[in-house]
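Visitor: Here the sequence shown is numbered in my numbering, starting from 91 and rising by one per residue.
Positions of the beta carbon are idealized from the N, C-alpha and C atoms, including for glycine.
Note that this is a predicted model, so its numbers are computed, not measured.
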Amino acid sequence: MTPKTIIEKQLAALSAALAPIKPEVFTWAEQTIFLKWGVLSRSKFYCLDCNHVWKPSCQNTCAKFTTCPACGGKLKMMPYNQVHFKETEYFAVVQQCAGYQVVRMVISHKHMKKNFLPSYFHKEVMQHWINPKGEVRTFSLSTNAFAGTLDAWKFYSPLEIKPKDFVRNARFYINPFKVYPQIKVLPILKRNGFKTSVYDIAPHLLFASLLSDPIAETLLKSKQLNLLQYYLCASRQNIRRNWQAVKTVIRNKYKISDVPIWEDYLELLRYFKKDLSYALYVCPDNLQDAHDHFVKKKRELLRKKKLHDLRLEIEKAQKKYASDKKRFFGLLFTEKDLSISVIENVRDFMTEGDDLHHCIFANEYYGRKDSLLLSAKIEEKSVETIEISLSRMEILQCRGLKNKPSKHHSQIMRLLSENLYQIRERMKKRKAKTASR
Ligand SMILES: [Zn+2]
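(1) Are the CB atoms of K213 and L138 within a distance shorter than 9 Å?
(2) Are A153 and M167 closer than 9 Å when you measure CB to CB?
(3) Quick check: does the Cβ of L358 come within less than 8 Å of any heavy atom belonging to ligand 1?
(4) For the beta strand (DSSP E) that I485 lies in, which residues bound it at each end?
(5) Please identify the residue among R516, I305, T156 whose C-alpha is closest to the C-alpha of L422.
(6) Counting only the same chain and skipping the five closest in sequence on each side, list residues whose C-beta sits under 6 Å from that of I346.
(7) Give the secondary structure of A119 by DSSP, where H, G and I count as helix, E and B as strand, and everything else as coil.
(8) Identify the residues that DSSP records as bridge partners of H218: which are they?
(9) Would you identify the three-state DSSP class for L130, choosing helix, strand or coil?
(10) Closest to E425 by CA distance: which of L505, P110, K387 is it?
(11) Using CA coordinates, which residue listed in M216, H498, E114 is at the minimum distance from R261?
(12) Report yes or no: do the region 219-237 and the region 116-128 share at least 3 C-beta pairs separated by less than 8 Å?
(13) Quick check on the contact list: which residues have their beta carbon closer than 6 Å to a heavy atom of ligand 1?
(14) How far does the beta strand (DSSP E) with C323 in it extend, from its first residue to its last?
(15) Scan the region 374-448 and note each continuous alpha helix (DSSP H) run of 4 residues or more that stays entirely inside, going in chain order.
(16) Just to confirm the assignment, what range does the beta strand (DSSP E) spanning S461 have?
(17) From what residue to what residue does the beta strand (DSSP E) around F155 run?
(18) Taking Y180 as part of the beta strand (DSSP E), name the residues at either end of that continuous run.
(19) Expressed to the nearest angstrom, what Euclidean distance is found between the alpha-carbon atoms of V385 and E474?
(20) What are the boundary residues of the alpha helix (DSSP H) that L356 is part of?
(21) If you draw a straight line from the C-alpha of C488 to the C-alpha of P350, how long is it?
(22) Assuming T190 contacts N221 (C-beta within less than 8 Å), just tell me the rounded distance between them.
(23) Taking just the CA atoms, how far does L276 sit from S299?
(24) Could you check what DSSP says for L310 in three-state terms: helix, strand or coil?
(25) Comparing C-alpha positions only, which one of T95, V183, S131 sits nearest to P110?
This is the structure we're talking about:
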């Protein structure tokens, strides 16, 4: 975009006047940021770094790495015989200019081909300009919008200033593989704790945070590097919410072995209302064990709570069920080993559902006004469950294990049909009572 505001115009002028990156920086990159490769072709080793060719001793042809006898390079072996290929890396150059912290991002390609020395290509693709308040403005080359990949730069396009929120665009978030070691930073960054390392954090993100966020500054100064990385780079983190615990960690110089697990663990401590300023809890000797301990404890507690809730629910349902269906209680039809009786307890709905693997409990059949549920048993063992419609005085369902009929099905149906009149009579009695009131 064209620079519009005074600051954008100032930055554009500064960026244009910035000296090009020196050749020695590229030399450093060529030696530092790439792997060295070798390839096995027609039973000879080829060093793709120095061009040396040699015959391998028979035992090491399938090793992942081998050492070139000429240049001494530790060569990663191409897994298959590829004629030529390219490696891509990013590196950063950290400078300061006119009171700004500048992070220059360079993409580097290394082209390799059997029997040729490697060739390199370097191009500065981005510049982050960070002011002492930690505000970032970014210059960038254009990209092939539809390519969707990070490295789709248009190398012939100029570095142009981008809109303010560009730096938050995940597509352009690049953490360089290496930072050129001659780092020049603003004095305020040194004051805020920066020494020489960026600790694998994208430099522009680290600098902007150190200039604008006291949490980042505190974590760096207290050397809580795990926490700092996690705080700045994890897509979901709760360092701010857990600040009290973090302070406990800092005070005790505790090293967190696994920050996501630790944050999980803090949630558990919170659940059990433990004091998060107490090192005994917050800084466990064995984090994994402590975490697992509370997970188990919580699981047990939830299970107990569930059972307790279920018991209460059943008690409540039982009262209503008894008042609705009491007049049918005690009904029992028998024939040889077979007995059919009205289910009198909500708890028995649960047992019946568990024994026969159907849903009369889960779907709360005990709450159905028009239904009467009976259980058919052979020698005290449930074989089928029957639902009768009270208004129509007919059998709605009669189902056994997993809703299938049992081998006693026809006997059950017959015995029921013969005795439906008993249910009808109890209905009538109730009606007569109601009428006489
Ligand atoms: Zn070599």
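Guide: Concretely, from the data shown:
(1) no
(2) yes
(3) no
(4) 484-489
(5) R516
(6) N316, W352
(7) helix
(8) V193, T228
(9) strand
(10) L505
(11) M216
(12) no
(13) C137, D139, C140, H142, C158, A160, C161, G163
(14) Looking at the DSSP string, C323 is not in any beta strand (DSSP E); the run it does join, the alpha helix (DSSP H), is 315-323.
(15) 377-415, 436-446
(16) 461-468
(17) 155-157
(18) 174-187
(19) 41 Å
(20) 349-361
(21) 53 Å
(22) Strictly speaking, residue 190 in this sequence is Tyr, with Thr absent from that position. With 8 Å as the limit, Y190 and N221 qualify as a contact, their Cβ atoms being about 6 Å apart.
(23) 14 Å
(24) helix
(25) V183
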